[in-house]
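In our numbering, the protein residues as written are 18 to 263. Just so it is clear, CB atoms sit at the ideal spot from N, CA and C, and this is done for glycine as well. On a predicted model such as this, the values are computed, not experimentally measured, just so you know. Below: the structure, in structure tokens.
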Amino acid sequence: MQRYFLDEPFDENGKTVIGKDDSKHIVRVMRMNVGDQIIAVHSGVAYTAIIRELGEETVFIERENDALPSNEMPVHVTIACGLPKGDKFDLIVQKGTELGMSALIPFKAERSVVKWDEKRGQKKIERLQKIAKEAAEQCHRSNIPSIENPFTLAQLLEVANNYDILLIADEEDAKKDERNRIADRLKTIKPNQSVLVVFGPEGGLSRNEAHAFFAKGFLSTSLGPRILRTETAPLFLLSAMSCEFE
């Protein structure tokens with residue numbers, strides 16, 4: 018059953034209207050009719066709904082039954098990634114959404130080859146947010162991960178105050194004989210806690226950045242003996258978290 022995220026909540030009679038873009042998708046792409054069912058999501062809660070009226074740019078629906086079970090990961094994971102090259106963020110956003118990521122924070126790392134274009138940046142964030150929305154619909158999420166504008170290191174350290182658990186994936190940790198295994202780190206996390214995990218760009222985090230994170234209270238974690246690509250490491254971490262908590 019097709020899933021859509023609502024801009025407007027259901028009213029006291031259990032009715033609402035679908036937004037313009039999704040209405041076009043329902044009418045022109047899915048070719049649905051009055052009486053067809055969809056899944057409608059608002060504020061993290063999903064319901065089965067029935068189409069009551071179709072227009073060119075407007076679809077009216079009515080909620081049915083009680084709320085559906087949530088498919089959200091029981092811990093809230095924010096991924097912070099050093100700006101990578103090419104379209105790697107597209108992959109991280111799409112697959113990270115499928116794997117349960119709550120939010121993505123790009124940050125301007127010392128070793129980031131890419132320099133953020135402020136003029137074109139907002140359009141890129143909007144495109145990434147659209148990728149997250151489509152992925153959330155496809156995998157039946159109840160929430161769409163938020164995609165933030167790029168942070169500086171200082172901003173990332175400041176926002177860290179809002180999280181329960183702070184981790185960095187440090188490639189230097191992977192080189193040690195006795196590594197801080199991700200499995201051991203995950204056992205200290207409790208359901209409903211918020212987790213911020215930092216990953217470097219190509220080339221990893223600089224030692225200055227790593228020391229700044231450690232001074233803030235971040236704990237290093239190894240993702241195994243192999244060095245993973247910048248777009249692979251967050252997906253590995255999210256998969257490990259899903260295995261542990263789901």
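Give the single residue among K147, Q139 and I199 whose Cα lies nearest to the Cα of E188.
I199
Under 8 Å: do the segment 214–222 and the segment 69–83 share three or more Cβ pairs, one atom per stretch?
no
Inter-stretch contact at 8 Å, needing at least 3 Cβ pairs: the segment 46–55 / the segment 89–97
no
Kindly confirm or deny that the segment 135–150 and the segment 24–34 touch, where touching means at least three C-beta pairs closer than 8 Å.
no
With DSSP as the reference, identify every bridge partner of S239, one or two as the case may be.
R198
If we call anything under 9 Å between Cβ atoms a contact, is S1 one with E89?
What is shown of the chain runs 18 to 263, which leaves residue 1 out entirely.
Would you kindly work out how many angstroms separate the C-alpha atoms of L170 and E226, rounded to a whole number?
8 Å
Spatial neighbours of S236 in its chain, beta-carbon cut-off 6 Å, leaving aside the 5 residues before and after
Looking at the sequence provided, one finds Leu at residue 236 rather than Ser. So the list reads L184, once near-sequence residues are dropped.
To the nearest angstrom, report how far apart K41 and M47 are at their CA atoms.
9 Å
By how many angstroms is the C-alpha of N82 removed from the C-alpha of G103?
45 Å
Does the Cβ of A152 have 16 or more other Cβ atoms within 10 Å, making it buried, or fewer, making it exposed?
buried
How many angstroms separate the CA atom of L100 from the CA atom of N179?
22 Å
What are the boundary residues of the beta strand (DSSP E) that includes V62?
V62 to L71
Which residues in the same chain as L203 place their Cβ atom closer than 7 Å to its Cβ, once the five residues preceding and following it in sequence are excluded?
A257, M258 and E261
From Q146 to P242, what does the alpha carbon distance come to, in whole angstroms?
33 Å
Burial state of P26 (16 or more Cβ within 10 Å)
exposed
Return helix, strand or coil for L184, following the three-state DSSP convention.
strand
Thinking L85 and F124 are a contact (beta carbons under 8 Å), I'd like their distance in whole angstroms, please.
No, L85 and F124 are not in contact; Cβ-Cβ is about 35 Å, not under 8 Å.
Just to confirm before moving on: does the CB-CB distance between Y21 and V58 stay below 9 Å?
yes
Among the residues of its own chain, which have a CB less than 7 Å from the CB of A149, if the five just before and after it don't count?
V110, T114, I161, P162 and I164
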